[in-house]
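Notes follow the structure.
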Amino acid sequence: MSLFSTPDHAAQSPLLSTLNPEQRAAVTLPAEHALILAGAGSGKTRVLTTRIAWLLQNGLVTPGGILAVTFTNKAAKEMMTRLSSMLPVNVHGMWIGTFHGLCNRFLRSHFKMANLPQSFQILDTQDQLSAIKRLCKQHAIDDERFPPKQLQWFISGCKEDGQRPANVEARDDETRRKVEIYQMYEEQCQREGVVDFGELMLRSYELLRDNDPIRAHYQRRFRHILIDEFQDTNRLQYAWIKMLAGQGANASPDMPGGAVLAVGDDDQSIYAFRGARVGNMADFVREFHVQHQIKLEQNYRSYSNILDSANALISHNGNRLGKNLRTDQGPGEPVRVYESPSDYAEAQWMVDEMKQLHREGIDRKEIAVLYRSNAQSRVIETALFNAAMPYRVYGGLRFFERAEIKHALAYLRLLENPNDDTSFMRVVNFPARGIGARSLEQLQDLAKATGCSLHDAVSALTGRAGAAIAGFVAKIDVLREQTSGLNLRDIISRMLEDSGLLAHYRAEREGADRVENLEELVSAAESFVMQEGFGRDAAGMTQSAGLTQSPASQGLSGEAIEQYGIEPTDLTFGDTGETLSPLVAFLTHAALEAGDNMAQAGQDAIQLMTVHSAKGLEFDCVFITGVEEGLFPHENSMSDRDGLEEERRLMYVAITRARQRLYMSHSQTRMLHGQTRFNLKSRFFDELPEEALKWLTPKLPAPAAFGGAGRGWQGGNASGYSGGYGNQGSSGFESTRYPAGGTVRVEKEVVRRDESVNGLVVKQKVFHAKFGEGTVLTLEGTGDDARAQINFPRHGTKWLALSVAKLTPVP
DNA sequence: AAGCAATGGATTTTT
DNA sequence: TCCATTGCTT
Numbered sequence: 001m002s003l004f005s006t007p008d009h010a011a012q013s014p015l016l017s018t019l020n021p022e023q024r025a026a027v028t029l030p031a032e033h034a035l036i037l038a039g040a041g042s043g044k045t046r047v048l049t050t051r052i053a054w055l056l057q058n059g060l061v062t063p064g065g066i067l068a069v070t071f072t073n074k075a076a077k078e079m080m081t082r083l084s085s086m087l088p089v090n091v092h093g094m095w096i097g098t099f100h101g102l103c104n105r106f107l108r109s110h111f112k113m114a115n116l117p118q119s120f121q122i123l124d125t126q127d128q129l130s131a132i133k134r135l136c137k138q139h140a141i142d143d144e145r146f147p148p149k150q151l152q153w154f155i156s157g158c159k160e161d162g163q164r165p166a167n168v169e170a171r172d173d174e175t176r177r178k179v180e181i182y183q184m185y186e187e188q189c190q191r192e193g194v195v196d197f198g199e200l201m202l203r204s205y206e207l208l209r210d211n212d213p214i215r216a217h218y219q220r221r222f223r224h225i226l227i228d229e230f231q232d233t234n235r236l237q238y239a240w241i242k243m244l245a246g247q248g249a250n251a252s253p254d255m256p257g258g259a260v261l262a263v264g265d266d267d268q269s270i271y272a273f274r275g276a277r278v279g280n281m282a283d284f285v286r287e288f289h290v291q292h293q294i295k296l297e298q299n300y301r302s303y304s305n306i307l308d309s310a311n312a313l314i315s316h317n318g319n320r321l322g323k324n325l326r327t328d329q330g331p332g333e334p335v336r337v338y339e340s341p342s343d344y345a346e347a348q349w350m351v352d353e354m355k356q357l358h359r360e361g362i363d364r365k366e367i368a369v370l371y372r373s374n375a376q377s378r379v380i381e382t383a384l385f386n387a388a389m390p391y392r393v394y395g396g397l398r399f400f401e402r403a404e405i406k407h408a409l410a411y412l413r414l415l416e417n418p419n420d421d422t423s424f425m426r427v428v429n430f431p432a433r434g435i436g437a438r439s440l441e442q443l444q445d446l447a448k449a450t451g452c453s454l455h456d457a458v459s460a461l462t463g464r465a466g467a468a469i470a471g472f473v474a475k476i477d478v479l480r481e482q483t484s485g486l487n488l489r490d491i492i493s494r495m496l497e498d499s500g501l502l503a504h505y506r507a508e509r510e511g512a513d514r515v516e517n518l519e520e521l522v523s524a525a526e527s528f529v530m531q532e533g534f535g536r537d538a539a540g541m542t543q544s545a546g547l548t549q550s551p552a553s554q555g556l557s558g559e560a561i562e563q564y565g566i567e568p569t570d571l572t573f574g575d576t577g578e579t580l581s582p583l584v585a586f587l588t589h590a591a592l593e594a595g596d597n598m599a600q601a602g603q604d605a606i607q608l609m610t611v612h613s614a615k616g617l618e619f620d621c622v623f624i625t626g627v628e629e630g631l632f633p634h635e636n637s638m639s640d641r642d643g644l645e646e647e648r649r650l651m652y653v654a655i656t657r658a659r660q661r662l663y664m665s666h667s668q669t670r671m672l673h674g675q676t677r678f679n680l681k682s683r684f685f686d687e688l689p690e691e692a693l694k695w696l697t698p699k700l701p702a703p704a705a706f707g708g709a710g711r712g713w714q715g716g717n718a719s720g721y722s723g724g725y726g727n728q729g730s731s732g733f734e735s736t737r738y739p740a741g742g743t744v745r746v747e748k749e750v751v752r753r754d755e756s757v758n759g760l761v762v763k764q765k766v767f768h769a770k771f772g773e774g775t776v777l778t779l780e781g782t783g784d785d786a787r788a789q790i791n792f793p794r795h796g797t798k799w800l801a802l803s804v805a806k807l808t809p810v811p
């Protein structure tokens, strides 16, 4: 159970003086496995970094004995920044990083044992998809039956579950074929010397699993393993941790691994769709026989009206580890709820409210607008733009994902590895060199027949087409020679000129931004070289980290090094910068850290983002918009309980972003996919404590489309409509009549609510031979086109063509 | 080989 | 509605 006593020598430490008892207990835990349940705004990162600092300061571990894992580069950086502000320690020498960053470091150190070229390149999601498309074309795979996107999802999913093609259980022909493609994809990657994100993890895991000395080495080395956002780990990541901690099937009793400190919040698990398993938390407690569990429930972020709302909402989820946020701050402002007639009006209201907040002295960057899906940003952007209010949208392409940058990177990769066919295909005819699809197909067939790369197959190519491609290859080869020995900056500048990329974009009418980005790439490379300290004195770095250790002290004999191909880099804690060329390091950096995705960073601007991307952030004022059935909870997640509970957690995350003021709004109508949708307010409103809320718009008439064109929105606030949706009047907009989803699609203004269609009227009860008794929700069209949306209690909502369905009116 | 119209699909995202 | 992708035209 929780350990609240603190060792004497630690109590005096200034590191601990400002921590609350739970935080202090977590920081000063003994070297045993522990789970920290860290609520939103409870000082989680602080606990993690202070824990590391405390361990180091008290000589309980050396910097080399720490392994600290995060999911994002941002989190890793923050941890390093905070740590170095607490202690004079070289954080870059320590194993603090993302899962993928650390796996990359590990694989570079043991590239021979991992059966990889030392300068292997990393495929990002885009690259992976194009590699799969290329593979499919090559093997004439029907892309109707096997869409590349779906194959990508399949392959990534297998890897996340730790499965190689041989391990995948294929029960049907389709899966068998997918597994074959998976197998071919692996061979292709291996041949080309590239790995995708999943492969970084999987291959690291397998190397640890299958190589006893390497596993033993790392198990002995990492005395303290700290995992951030543990609820987001997938199967493979959990297995990887288990392996490193010596808890897996390969655990050796004589040589116990390090202590695992898992920090997470099951209530903030919102990434199930990408393979995250909250269940890892419970598994961890069971499989590691965790004796220490500490809950951090004291919240330092929000006023209690906000926290009460969050607590009340999340209490509707089952299967929680259980946690309640509390604060010493007062109730603060009530949570304001606004109902608007349209998404447009919702945005208008928001802009007005924001202006007021800004007048009251709140910075624009302290105001965030959160939405469930990206498509919702459009209306809001328009409203902000028209009001001339600066704003910033998160999401979209990041720097290293832009087309022109990807092109430049492809050239750079070809300099390093001519066998990188993905890069070859990307730029062989860009800028255009008169190389057509026909001749490239020829080249690909030739390469396939000889089992070599496209680059190597060129020499065997004949004819005029062959000459053009040979010209390209020669260009790359010449460039490689000319840039050898140059520094990174000069390599990139030279490449940008000689490839013709710059010339191409300079000639393009709208190419100015792209030219700018390419020039930015040179600066990015320069600052990368500065930061990573290439050319820095390696010995000096080792000393400053206080980490100078002989191979033997790290558990490896010189013999092991000979025998198992463990590179010296690993023994100086695997800093890849020591042995890799700056170019390879930069390319790796580009793949693992795609860069910023915010436009106009730094300006005082309203922050727009999805709820997902708001995780981990906080703002003085937060607007949660589109809180409607079908949108939030999203219709695709509402069918099963797990999906709905994840939506609820998502809402929990959204609510807990706010420090002072929280607004939640929903709209009766919304433009989505070119159609006006009529949405009901979200069920989540019913799960919030009424006493913490303030309804700004308790009264609105039923939407005009339901009542007839004449009645507008404006008069709404004055009419005597109370308590949720209209149960007065005959327009019949009753929430109870609608099934989950509550959305009525309106097509070309043919919806009828006030007249009969083929003898039916809305709200009428009908009988269907198969579905039983149901209620008509919507009628649209006329004659043979007439359709009715009917809610059958047993079978859900159906759209039935009235010319086909046999319906009997029920009195 | 480039440019344009038709087509289809449209939660959420990091590495 | 609006975006990316694709097939077809010039």
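For the first sequence, the positions run 1 to 811 when full-length UniProt numbering is used.
Ideal placement from N, C-alpha and C gives every residue a C-beta, glycine not left out.
Beta-bridge partners assigned by DSSP to residue 809: 766.
Between residue 618 and residue 73, the gap from beta carbon to beta carbon reaches 8 angstroms or more. In the structure shown, the three-state DSSP call for residue 262 is strand. Assigned with DSSP and collapsed to three states, residue 389 falls in coil, not helix or strand. Taking the C-beta atoms as reference points, residue 369 is found no nearer than 8 angstroms to residue 684.
Three or more beta-carbon pairs separated by less than 8 angstroms link the region 268-276 to the region 646-663, which places the two stretches in contact. For residue 103, the uninterrupted alpha helix (DSSP H) segment begins and ends at 99-109.
Residue 580 and residue 66 have their C-alpha atoms some 24 angstroms from each other. Annotation for residue 759: 809 place their beta carbon closer than 8 angstroms to its own, counting only its chain and skipping 5 residues before and after.
The beta-carbon distance between residue 305 and residue 333, rounded to whole angstroms, is 7 angstroms. This is short enough to meet the 8 angstroms contact definition. Residues 37, 266, 281 of the same chain have their beta carbon placed closer than 7 angstroms to that of residue 321, with the five preceding and five following residues left out of the count. Nearest to residue 245 by alpha-carbon distance, out of 71, 146, 289, is 289. Taking all protein chains in view, the Cβ of residue 682 is crowded by 16 or more other Cβ atoms within 10 Å, so the residue is classified as buried. The DSSP-derived three-state label of residue 492 is helix. From the listed residues 457, 529, 220, the smallest Cα separation to residue 469 is found for 457. Inter-segment contact for the region 355-371 and the region 606-617 is present: three or more beta-carbon pairs are separated by less than 8 angstroms. By the criterion of at least three beta-carbon pairs nearer than 8 angstroms, the region 75-84 is not in contact with the region 230-247. For residue 19, same chain residues with a beta-carbon under 6 angstroms away, outside a window of 5 residues either side, do not exist. Counted as a single uninterrupted DSSP element, the beta strand (DSSP E) harbouring residue 661 occupies residues 658-672. Rounded to the nearest angstrom, the gap between the Cα atoms of residue 327 and residue 308 is 10 angstroms.
With respect to the 8 angstroms criterion, residue 411 and residue 393 are not classified as neighbours on the basis of their beta carbons. Residue 621: member of the beta strand (DSSP E) spanning 619-624, first to last residue.
Taking all protein chains shown into account, residue 153 has fewer than 16 neighbouring C-beta atoms within 10 Å of its C-beta and is therefore exposed.
In the DSSP assignment, residue 336 falls outside any alpha helix (DSSP H) and lies within the beta strand (DSSP E) extending over 335-342. Under DSSP, residue 610 shares a beta bridge with 371.
Separation of residue 790 and residue 275 (C-alpha to C-alpha, rounded to the nearest whole angstrom) is 36 angstroms. Residue 586: member of the alpha helix (DSSP H) spanning 582-592, first to last residue.
Counting the other Cβ atoms within 10 Å of the Cβ of residue 319 gives fewer than 16, which makes it exposed. For residue 695, the CB contacts under 6 angstroms within the same chain, skipping 5 residues up- and downstream, are 337 in chain order. When C-alpha distances from residue 342 are compared across 626, 649, 765, 687, the shortest belongs to 626. Rounded to the nearest whole angstrom, the C-alpha separation of residue 786 and residue 676 is 19 angstroms. Per DSSP, the unbroken alpha helix (DSSP H) holding residue 412 starts and ends at 403-416. The bridge partners DSSP lists for residue 774 are 766. Pairing residue 610 with residue 371 gives a Cβ-Cβ distance under 8 angstroms. Of the candidates 452, 126, 258, 92, the residue whose Cα lies closest to the Cα of residue 405 is 126. Secondary structure at residue 779: strand, using DSSP grouped into helix, strand and coil.
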